[in-house]
Amino acid sequence: MKKKVRFGIISTAAIAQDVMIPAIRRTSYAEVAAIASESGKADQAAKELGIPKAYDSYDQLLDDPDIDAVYIPLPNSMHAEWTIKAAKKKKHVLCEKPAALCAEDVRRMIEACEENGVLFMEAFMYQFHPQHKRVKQLLAAGEIGEVKYMRTHFSFYLQDRETNIRMNDELGGGCLFDVGCYCIHSTRHILDAEPVELFVQSRLDPHRMVDVTTSGWMRMENGVFAHFTCSFDMLPQNEYEVIGTKGKIVVSRAYRPDVDGGEGRITVATADGSGREETVAGDQYALQIEHFSRAILEGTPLLYSPERMIQQARTLDACRTSMKTGEIVRL
């Protein structure tokens, strides 16, 4: 039997129990070896999910010599602290997005992992779905001519606002960090370019002072204009659109095709009135785990490099600066 990466799960968060643990089990390169919680929920979660070990503190899990890597779905404000602690214990780290609340913290996380010889990756799972590779193939083939504009949108209506950590500013809440980061990331990923200036505005919740709707404009280094909108106040949408001189491409299940059985949908429309729809299937969460695990086991390079993680954080820093100042920010 080939070696598998033994994952420890730091937190009993819903995304870990409902999504990531099942995804790990759908791969042949990883297994769930332990789970930890500091709220007394680890034992129950381990019993329900069939996980061999349970710990009542994150430090106890990190001290387990049988753990190769950790998955961190803690509140955003805790990512930097526990990634650095895990690195010092020689554990590879797959950390939920956003990696941290500022670019400087992301740099510290990367440095800690590099100093301790472990891999670190921010868990933007959507990028592993093969529909995005197909979009890039279509763009490279000139299917829609020269790209001029990209629009992204990720939203849902948040119900449990009284207790949800997404509404807690001290924990790194707000829709920009929760779903807008996907818009930023996919713009950079699909266009293979970084923003050189941006302008962002938000509507804040008057009681909790976190952004519940945020919209922004970016000018990319390749001259393409991009616009994004994210929200806790709108019906569920997760899509992007790329417009060129000869047509456009719409990806209507851009970030969560898993809720539709993993089936991505790409619509191509051209100026001459022709068009078609392509479906592309993929298990993005399992593909992410497989990619990260193979990098650990076989030394294959990570698709998502430390430099690109820092650029993502720098862009989010600039967005927050523009939100606060009401001014254009140049990167």
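Heads up: the sequence shown begins at 1244 in the working numbering, then just goes up one per residue. For each residue, glycine too, the CB sits at the ideal point set by N, CA and C.
**Request:** Have a look at Asn1407 and Gly1416 and give me their C-alpha separation to the nearest angstrom.
**Result:** Locating residue 1407 in the sequence shown gives position 164, counting from the first residue. Locating residue 1416 in the sequence shown gives position 173, counting from the first residue. Going by the C-alpha atoms only, they are around 9 angstroms apart.
**Prompt:** In or out: Asn1465 buried (at least 16 other Cβ within 10 Å) or exposed?
**Reply:** For the purposes of this step, residue 1465 is taken as residue 222 along the sequence shown, with counting starting at 1. Answer is exposed; the Cβ neighbour count stays below 16.
**Asked** Does the stretch 1351 to 1358 touch the stretch 1561 to 1569, meaning 3 or more C-beta pairs lie closer than 8 angstroms?
**Response** no
**Message:** Can you list, in chain order, the residues of its chain with a C-beta nearer than 7 angstroms to that of Arg1578? Leave out the 5 residues immediately preceding and following it.
**Reply:** Since the first residue of the chain shown is 1244 and the last is 1574, residue 1578 is not available in this structure.
**Asked** Among all the DSSP beta bridges, which residues are the ones paired with Asn1407?
**Response** Position 164 of the sequence shown, counted from the start, is the residue given in the question as residue 1407. BP columns for Asn1407 are empty, so no partner.
**Asked** Quick one: what's got a C-beta closer than 8 angstroms to Leu1478's C-beta in the same chain, skipping five residues either side?
**Response** Mapped onto the sequence shown, residue 1478 falls at position 235. Only Ser1398, Phe1399, Tyr1400 meet the Cβ criterion.
**Run of the beta strand (DSSP E) containing Cys1338, from where it starts to where it stops** = Start at 1 with the first residue of the sequence shown, and residue 1338 comes out as number 95. Counting along the chain, the beta strand (DSSP E) containing Cys1338 begins and ends at 1335 to 1338.
**Prompt:** Roughly how many angstroms lie between the CA atoms of Phe1475 and Glu1482, to the nearest whole one?
**Reply:** What you label residue 1475 is simply residue 232 of the sequence shown in a count that begins at 1. What you label residue 1482 is simply residue 239 of the sequence shown in a count that begins at 1. Cα to Cα, the separation comes out at about 15 angstroms.
**Prompt:** Which partner residues does His1396 have in the DSSP bridge list?
**Reply:** Residue numbering aside, residue 1396 sits at position 153 when the sequence shown is read from its first letter. DSSP output for His1396 lists Thr1472, Glu1482 as bridge partner(s).
**Item:** Pick from Met1352, Ala1561, Ala1343, Ala1346 that is closest to Lys1328, judged by C-alpha positions
**Value:** The residue labelled residue 1328 in the question sits at position 85 within the sequence shown. Measuring from the Cα of Lys1328, the nearest candidate turns out to be Met1352.
**Item:** Sub-9 angstroms separation of Asn1411 and Pro1318 beta-carbons
**Value:** As a position in the sequence shown, residue 1411 is number 168, starting the count at 1. As a position in the sequence shown, residue 1318 is number 75, starting the count at 1. For Asn1411 and Pro1318, yes; Cβs fall inside 9 angstroms.
**Prompt:** Does the stretch 1430 to 1439 touch the stretch 1368 to 1388, meaning 3 or more C-beta pairs lie closer than 8 angstroms?
**Reply:** yes
**Message:** Can you tell me whether Gly1423 is helix, strand or coil according to DSSP?
**Reply:** For this step, residue 1423 is matched to residue 180 along the sequence shown. Helix, per DSSP.
**Asked** The beta strand (DSSP E) spanning Ser1565 covers which residue range?
**Response** For the purposes of this step, residue 1565 is taken as the residue at position 322 of the sequence shown. Ser1565 -> not in any beta strand (DSSP E); alpha helix (DSSP H) instead, spanning 1549 to 1568.
**Request:** Note down, in chain order, each residue of its chain lying with its Cβ closer than 6 angstroms to the Cβ of Asp1261, except the 5 sequence neighbours on either side.
**Result:** For the purposes of this step, residue 1261 is taken as residue 18 along the sequence shown, with counting starting at 1. Cβ neighbours of Asp1261 beyond the five flanking positions: none.
**Prompt:** Do you know offhand how far Glu1484's Cα is from Lys1391's?
**Reply:** As a working note, residue 1484 is residue 241 in the sequence shown. As a working note, residue 1391 is residue 148 in the sequence shown. About 11 angstroms.
**Among Val1572, Gly1293, Trp1325, nearest to Ser1300 - alpha-carbon criterion** = Stepping through the sequence shown from its first residue, residue 1300 is reached at position 57. Per the Cα distances, Trp1325.
**Asked** Hey, quick one: how far does the beta strand (DSSP E) through Gln1402 stretch, first residue to last?
**Response** Stepping through the sequence shown from its first residue, residue 1402 is reached at position 159. Here Gln1402 belongs to no beta strand (DSSP E), and DSSP marks it neither H nor E.
**Prompt:** Can you list, in chain order, the residues of its chain whose CB lies under 7 angstroms from that of Ala1343, leaving out five sequence neighbours each side?
**Reply:** Counted from its first residue, the sequence shown places residue 1343 at position 100. The residues are His1322, Ala1323, Val1349, Met1352, Ala1556.
**Prompt:** So Lys1332 and Asp1306 are in contact, right, with Cβ under 8 angstroms, and what is the actual spacing, rounded?
**Reply:** The sequence position of residue 1332 within the sequence shown is 89, counting from 1. The sequence position of residue 1306 within the sequence shown is 63, counting from 1. Yes, Lys1332 and Asp1306 are in contact; Cβ-Cβ is about 7 angstroms, under 8 angstroms.
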